[in-house]
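As they're listed, the protein sequences go chains F and R. What the first sequence shows, in our numbering, is residues 1 to 400, in sequence order. What the second sequence shows, in our numbering, is residues 1001 to 1169, in sequence order. One structure below.
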Amino acid sequence: MGFITEHPVLVVSLVKIAVLLFIVMTALAYLTWFERKVVARIQSRWGPYYVGAHGLLQPLADGLKFLFKEDLTPPAADRFVYLLAPFIALSLALTAIALIPFGPPGIRVLGQPVFVVSNIDIGLLFVFAITSMGVYGVALAGWSSNSKYPLLGSLRSSAQMISYEVSLTLSVVGVLLLAGSLDFNQIISGQSGYYWHFLPRWHVWLQIVGFLCYITAAIAETNRIPFDLPEAETELVAGFHTEYSSFKFAMFFMAEYANMITVSCLATILFFGGWLSPFPDSWHWQLYLPAAGLLALAAYCAWDTVTEMRGIARLQFAVVTMLALVGGLICLLPQVQVVIIGPFWFVTKVLAFLFFYVWIRGTLPRFRYDQLMSFGWKLLLPVSLANLVITALLIVVRHG
Amino acid sequence: MTIPLLLFFICAILAVVGAVSLILAREPIHSALSLILVMIALAVLYLLLGAEFIAAVQIIVYAGAVMVLFVFVIMLLNAGAEERTNWSRIALWVGVPLGFFLLLECAHWLYGSPAGAAIGTGSAAATPGISTAALSEQLFTNYLFPFEATSILILIAILGAMVLARRDE
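Now the structure itself:
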């Protein structure tokens, strides 16, 4: 006990890191399930269905499969860099999440805010600093494999990430001008209040151009369809990670999904008011929304368990039902309601973005390489620059 | 030993190890990686001094942009391992002692100078109140001319690079 009270920052931070890592790893695993389910629905298929009820144990099976695959290293590879690249990719992707605040800073344990691992003045700048190094994972993986497709893939991808990073950074400067701060908490609390008493004062309304630039550049930065040229299967086998197998491949895979979560969190914070509720504070019933959502999920699961599921799947789904029910009942407690409402809105908005990502993947074809480059440099960059200049001008005109 | 002190020693050692391996590595890409290590270690040292903005800019500009171009060029040219010449005797018998002498001289000068004394008493640590806003205010008021002059210089360099690259057409 004495150690905990003497070093509250250290102890609380370590606990937060452990909990966040567990949550993010689980979320990564189930994001793959979510993506496969949604894409399957878009293409009129079932998606994962056989491993566990509704394929819910599929991520676990995939993880085990990765562990049991043979771990190959090409004989001509630069062994050290070849090993280093997946570690760089994954650790950078996970580090960026440590700076994201998932809830209001007022909720504290031992004097430390609960919902963010590390809150610093210039959080946004640090997230960009970390993501700007993400290109090393891709570049080094392709180079060290010493093989033609990975090298071509990583050259393409480096060029793409460098090009779109410029637009990505410029597109959020408009928000910074409106917020006047690089601190995530201040950016979010600056978006509280309402236009005409009902429309939340989110930056997305004034910065709609900036938001469109941001989301386009963000999809390109995370190498997702329609900008997934680094791993264009039809031309480059699998791009920069062609030679990787087993758990090293899984690390690249996890890094890509972690990056998706990071850019979705950033979009939520910068443009959609972070953990702030979209409804006015006077609507007290919104405190019951998390509980209502979980209870509705429990009801659906219960119905599904009884009518659809057979055998072992029925047992598994009964467990899911119980978890949702217990979670819903806990969320009904008034003490829990106040704490959970911030993270609830944050997670809901991030989930909406992740759905948007998957939706885009299920809908759009891939760009050609020259289209990608001319789009990035000749359209996206001038538009985000113009947005920045116009925003700055309007702010000067309004405030003198 | 406090945690910041421990972090300082870890990062200082990493920076020195990175710098030495930058010179000794034979593969250009290993040298580039060592340089990135040095820059990140320096960024953490800046953080320990309370200069958060400088630390972030150090990573964004040097580790995130300049070194990415280095790595990119090394990859494009597919530069192989350096060829080793045999160590010349002069380098071994004169260069290495001279290097140590230079280090000693720097240490001696720092030890005697007011800057070194300030570091020793801890009064040279960055004022914790220096925020990004205060820094940018200084940049756009007191140091406006050098700031704008540097910007124009960089613009000229960019245009010059483009002109040189298009020379053949």
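All C-beta atoms in this analysis are idealised placements derived from N, C-alpha and C, irrespective of residue type, glycine included.
For my contact list, residue i and residue j are in at a C-beta cut-off of 8 Å; report their separation, rounded to the angstrom.
| i | j | result |
| --- | --- | --- |
| Phe344 (chain F) | Ala89 (chain F) | Actually they do not touch by this definition, with Cβ atoms about 31 Å apart. |
| Val172 (chain F) | Gly210 (chain F) | 7 Å |
| Phe247 (chain F) | Asp71 (chain F) | 7 Å |
| Ile1036 (chain R) | Ala1063 (chain R) | 5 Å |
| Leu1022 (chain R) | Ser1034 (chain R) | 4 Å |
| Leu297 (chain F) | Ala318 (chain F) | Actually they are not in contact, since the Cβ atoms of Leu297 (chain F) and Ala318 (chain F) sit about 14 Å apart, beyond 8 Å. |
| Ala299 (chain F) | Val263 (chain F) | The Cβ separation is near 34 Å, so there is no contact. |
| Leu354 (chain F) | Leu31 (chain F) | 7 Å |
| Leu332 (chain F) | Ala291 (chain F) | 5 Å |
| Thr1132 (chain R) | Phe1053 (chain R) | 5 Å |
For residue i, tell me which candidate among the options has the shortest Cα-Cα distance.
| i | options | result |
| --- | --- | --- |
| Val215 (chain F) | F:Ser374, F:Phe184 and F:Leu168 | The residue you asked about is not Val; residue 215 (chain F) is Ile in the sequence shown. Checked all of F:Ser374, F:Phe184 and F:Leu168; the closest Cα to Ile215 (chain F) is F:Leu168. |
| Phe87 (chain F) | F:Gly134, F:Pro75 and F:Asp71 | F:Gly134 |
| Val51 (chain F) | F:His203, F:Val319 and F:Pro59 | F:Pro59 |
| Leu125 (chain F) | F:Leu140, F:Leu170 and F:Pro150 | F:Leu170 |
| Met373 (chain F) | F:Asn119, F:Ser157, F:His197 and F:Ala29 | F:Ser157 |
| Ala141 (chain F) | F:Glu308, F:Ser245 and F:Ile23 | F:Ser245 |
| Leu155 (chain F) | R:Glu1137, R:Phe1147, R:Phe1070 and R:Ser1131 | R:Phe1070 |
| Thr321 (chain F) | F:Leu385, F:Asn185, F:Ala302 and F:Gln160 | F:Ala302 |
| Glu1027 (chain R) | R:Phe1009, R:Ile1074, R:Gly1050 and R:Pro1004 | R:Ile1074 |
| Arg432 (chain F) | F:Ala255, F:Arg361, F:Cys213 and F:Phe22 | Only positions 1 to 400 of chain F appear in this structure, which leaves residue 432 (chain F) out of reach. |
| Leu21 (chain F) | F:Phe115, F:Gly55, F:Ala85 and F:Phe68 | F:Phe115 |
| Leu199 (chain F) | F:Arg368, F:Gly273 and F:Pro290 | F:Gly273 |
| Ser282 (chain F) | F:Tyr194, F:Thr222 and F:Gln371 | F:Tyr194 |
| Ser118 (chain F) | F:Lys16, F:Leu323 and F:Ile219 | F:Lys16 |
| Pro365 (chain F) | F:Ile225, F:Val350 and F:Ala85 | F:Ile225 |
| Asn387 (chain F) | F:Val175, F:Pro278 and F:Ala139 | F:Val175 |
| Leu295 (chain F) | F:Ile340, F:Ala29 and F:Ile330 | F:Ile330 |
| Ala1065 (chain R) | F:Gly327, F:Thr131, F:Ala77 and F:Ala96 | F:Thr131 |
| Val339 (chain F) | F:Trp275, F:Glu221 and F:Phe227 | F:Trp275 |
| Cys1011 (chain R) | R:Leu1102, R:Val1038 and R:Ala1091 | R:Val1038 |
| Leu289 (chain F) | F:Val397, F:Gln316, F:Thr348 and F:Met254 | F:Thr348 |
On the CB-based measure, 16 or more other CB atoms within 10 Å of its CB, does residue i come out buried or exposed?
| i | result |
| --- | --- |
| Thr1002 (chain R) | exposed |
| Leu379 (chain F) | exposed |
| Ile1156 (chain R) | exposed |
| Pro280 (chain F) | exposed |
| Ser181 (chain F) | buried |
| Asn259 (chain F) | buried |
| Glu1105 (chain R) | exposed |
| Glu1137 (chain R) | exposed |
| Pro334 (chain F) | exposed |
| Met1162 (chain R) | exposed |
| Pro48 (chain F) | buried |
| Trp33 (chain F) | buried |
| Pro1097 (chain R) | exposed |
| Gly1160 (chain R) | exposed |
| Ala1032 (chain R) | buried |
| Tyr1143 (chain R) | exposed |
| Phe1100 (chain R) | exposed |
| Ser1113 (chain R) | exposed |
| Glu221 (chain F) | buried |
| Gly1095 (chain R) | exposed |
| Leu28 (chain F) | buried |
| Ser384 (chain F) | buried |
Please work out which residues of its chain come closer than 7 Å, Cβ to Cβ, to residue i, disregarding the five sequence neighbours upstream and downstream, and give them in chain order.
| i | result |
| --- | --- |
| Thr73 (chain F) | Arg79 and Tyr82 |
| Phe128 (chain F) | Thr169 |
| Pro8 (chain F) | Leu110, Gly111 and Gln112 |
| Thr1150 (chain R) | none |
| Tyr136 (chain F) | Ile88 |
| Ile1040 (chain R) | Ile1059 and Ala1063 |
| Ala61 (chain F) | Val51 |
| Leu84 (chain F) | Leu140 |
| Val12 (chain F) | Val109, Leu110 and Gln112 |
By Cβ distance below 8 Å, which residues in the same chain neighbour residue i in space, the five residues on each side in sequence not counted?
| i | result |
| --- | --- |
| Phe66 (chain F) | Ser246, Phe247, Phe249 and Ala250 |
| Phe375 (chain F) | Phe367 |
Suppose the cutoff is 6 Å on Cβ atoms and the five residues either side in sequence are ignored; what does the same chain contact list for residue i look like?
| i | result |
| --- | --- |
| Ala179 (chain F) | Ile187 and Gly190 |
| Leu151 (chain F) | Gly142 |
| Tyr149 (chain F) | Leu236, Val237 and Thr242 |
| Val38 (chain F) | Val358 |
| Val1016 (chain R) | none |
Open item on the list: Check whether the segment 91 to 103 of chain F and the segment 258 to 274 of chain F touch, using three or more Cβ-Cβ pairs below 8 Å as the test.
Closed with: As far as the Cβ criterion goes, the segment 91 to 103 of chain F touches the segment 258 to 274 of chain F, which means the pair count is three or higher.
- [ ] Inspect the CB distances between the segment 382 to 399 of chain F and the segment 194 to 210 of chain F and report whether three or more fall short of 8 Å.
- [x] The answer is yes - the segment 194 to 210 of chain F touches the segment 382 to 399 of chain F, with three or more Cβ pairs under 8 Å.
TODO: Specify whether the segment 193 to 208 of chain F and the segment 114 to 124 of chain F touch according to this definition: at least 3 beta carbon pairs, one from each stretch, less than 8 Å apart.
DONE: Too few Cβ pairs lie closer than 8 Å, so no.
Open item on the list: Below 8 Å, how does it come out for the segment 1078 to 1094 of chain R and the segment 1041 to 1049 of chain R: are there three or more Cβ pairs, yes or no?
Closed with: The segment 1078 to 1094 of chain R vs the segment 1041 to 1049 of chain R: no contact.
Task: Touch test, the segment 141 to 152 of chain F against the segment 39 to 48 of chain F, Cβ-Cβ under 8 Å, three pairs minimum - done: Too few Cβ pairs lie closer than 8 Å, so no.
Open item on the list: Whether or not the segment 307 to 317 of chain F and the segment 334 to 349 of chain F are in contact is what I'm after, with contact meaning three or more pairs of Cβ atoms, one per stretch, closer than 8 Å; do they touch?
Closed with: They do not touch, by the three-pair rule.
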